[in-house]
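Q:
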Amino acid sequence: DAKTTQPPSMDCAEGRAANLPCNHSTISGNEYVYWYRQIHSQGPQYIIHGLKNNETNEMASLIITEDRKSSTLILPHATLRDTAVYYCISRGSQGNLIFGKGTKLSVKP
Amino acid sequence: GAVVSQHPSWVICKSGTSVKIECRSLDFQATTMFWYRQFPKQSLMLMATSNEGSKATYEQGVEKDKFLINHASLTLSTLTVTSAHPEDSSFYICSAKLADSYNEQFFGPGTRLTVL
Numbered sequence: 052d053a054k055t056t057q058p059p060s061m062d063c064a065e066g067r068a069a070n071l072p073c074n075h076s077t078i079s080g081n082e083y084v085y086w087y088r089q090i091h092s093q094g095p096q097y098i099i100h101g102l103k104n105n106e107t108n109e110m111a112s113l114i115i116t117e118d119r120k121s122s123t124l125i126l127p128h129a130t131l132r133d134t135a136v137y138y139c140i141s142r143g144s145q146g147n148l149i150f151g152k153g154t155k156l157s158v159k160p
Numbered sequence: 176g177a178v179v180s181q182h183p184s185w186v187i188c189k190s191g192t193s194v195k196i197e198c199r200s201l202d203f204q205a206t207t208m209f210w211y212r213q214f215p216k217q218s219l220m221l222m223a224t225s226n227e228g229s230k231a232t233y234e235q236g237v238e239k240d241k242f243l244i245n246h247a248s249l250t251l252s253t254l255t256v257t258s259a260h261p262e263d264s265s266f267y268i269c270s271a272k273l274a275d276s277y278n279e280q281f282f283g284p285g286t287r288l289t290v291l
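So the protein lines, in turn, are chains A and B. Take 52 as the starting number for the first sequence in the working numbering and just add one per residue. Take 176 as the starting number for the second sequence in the working numbering and just add one per residue.
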């Protein structure tokens with residue numbers, strides 16, 4: 052079972068920041084948190100991952116709380132092409148990624 | 176960046192036939208590949224873990240004799256759906272993990288299987 056929980060859906064205005072929350076209170080101290088997104092009928096696309104420190108790359112920023120029980124993915128300037136299902140993911144025992152139901156982000160003009 | 180391809184991207188077959196899906200890592204070696212299945216409006220569910228040169232590890236409820244996995248090289252894994260039935264219609268997605276890397280994992284574009 053997924054160790055992460057996310058809101059099922061969110062809306063965001065184009066050009067504004069999209070903040071996607073994730074609760075992962077049961078992951079262990081050495082488990083990374085991964086974020087992927089899936090645009091309709093495509094394979095998941097890697098966004099970012101983190102352990103303790105906040106992370107930033109060309110796609111997004113990841114803010115992880117000090118107690119590691121939750122994190123927030125930030126898309127600083129959302130575009131219509133960012134409309135997708137965003138998954139906050141932990142890793143399984145086989146090294147696989149455990150997908151929950153994700154958050155369906157709708158970016159609106 | 177690392178690229179994973181799948182072939183075919185979509186396939187329609189008759190009930191009772193077998194279908195082979197290929198997953199290739201194009202510019203890196205993958206000691207481990209994962210096969211997922213995604214039904215409409217649902218999330219990805221792991222079917223099996225494929226390690227190069229050894230037998231695949233299947234998740235509970237996934238029939239190993241029905242979903243044959245072969246990982247003969249560091250860049251290719253195949254999934255064969257044998258005696259396909261309409262309930263096997265789904266979106267099949269593979270991912271590949273970089274050798275000697277714990278974190279890097281890349282997904283293919285998926286294969287849409289429709290069994291008539």
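C-beta atoms are modelled at their ideal positions from N, C-alpha and C, and glycine is treated no differently. Note that the structure is predicted; figures quoted are calculated from it, not measured.
#1: Are the Cβ atoms of residue 75(A) and residue 84(A) separated by less than 8 angstroms?
#2: Would you tell me roughly how many angstroms separate the C-alpha atoms of residue 286(B) and residue 64(A), rounded to the nearest one?
#3: Given this structure, state the Cα-to-Cα distance separating residue 249(B) from residue 204(B), to the nearest angstrom.
#4: Check the DSSP bridge columns for residue 101(A) and list the partner residues they point to.
#5: Where does residue 201(B) sit, in a helix, a strand or coil, going by DSSP?
#6: For residue 280(B), collect the residues of the same chain with a Cβ closer than 6 angstroms to its Cβ; drop the 5 residues on either side in sequence, then sort them by chain order.
#7: Which residues in chain B have a C-beta closer than 7 angstroms to the C-beta of residue 148(A)? List them in chain order.
#8: State the Cα-Cα distance for the pair residue 231(B) and residue 258(B), rounded to the nearest angstrom.
#9: At the level of alpha carbons, what is the spacing between residue 134(A) and residue 201(B)?
#10: Please list the terminal residues of the continuous beta strand (DSSP E) segment that includes residue 61(A).
#11: For residue 114(A) versus residue 108(A), is the C-beta distance shorter than 8 angstroms?
#12: Could you tell me whether any Cβ in chain B is nearer than 8 angstroms to the Cβ of residue 57(A)?
#13: Any idea which residues DSSP pairs residue 225(B) with across the strands?
#14: Would a C-beta distance cut-off of 8 angstroms place residue 190(B) and residue 246(B) closer than the cut-off?
#15: Beta carbons nearer than 7 angstroms to chain B: which residues of the segment 121-139 of chain A have them?
#16: Could you give the distance in angstroms between the alpha-carbon of residue 197(B) and the alpha-carbon of residue 157(A)?
#17: So which residues on chain B does residue 152(A) lean against when the C-beta distance must stay under 9 angstroms?
A: For this structure:
#1: yes
#2: 32 angstroms
#3: 5 angstroms
#4: 84(A)
#5: Three-state result, residue 201(B): coil.
#6: Answer for residue 280(B): 270 and 272, listed in chain order.
#7: Taking the beta carbon of residue 148(A) as reference, the chain B residues within 7 angstroms of it are 280, listed in sequence order.
#8: Rounded to whole angstroms, residue 231(B) to residue 258(B) spans 19 angstroms at the Cα level.
#9: 27 angstroms
#10: 60-64
#11: No, the Cβ-Cβ distance between residue 114(A) and residue 108(A) is not below 8 angstroms.
#12: no
#13: 208(B)
#14: No, these two residues do not count as a Cβ contact at 8 angstroms.
#15: none
#16: Here the alpha carbons of residue 157(A) and residue 197(B) stand approximately 32 angstroms from one another.
#17: 217 and 218
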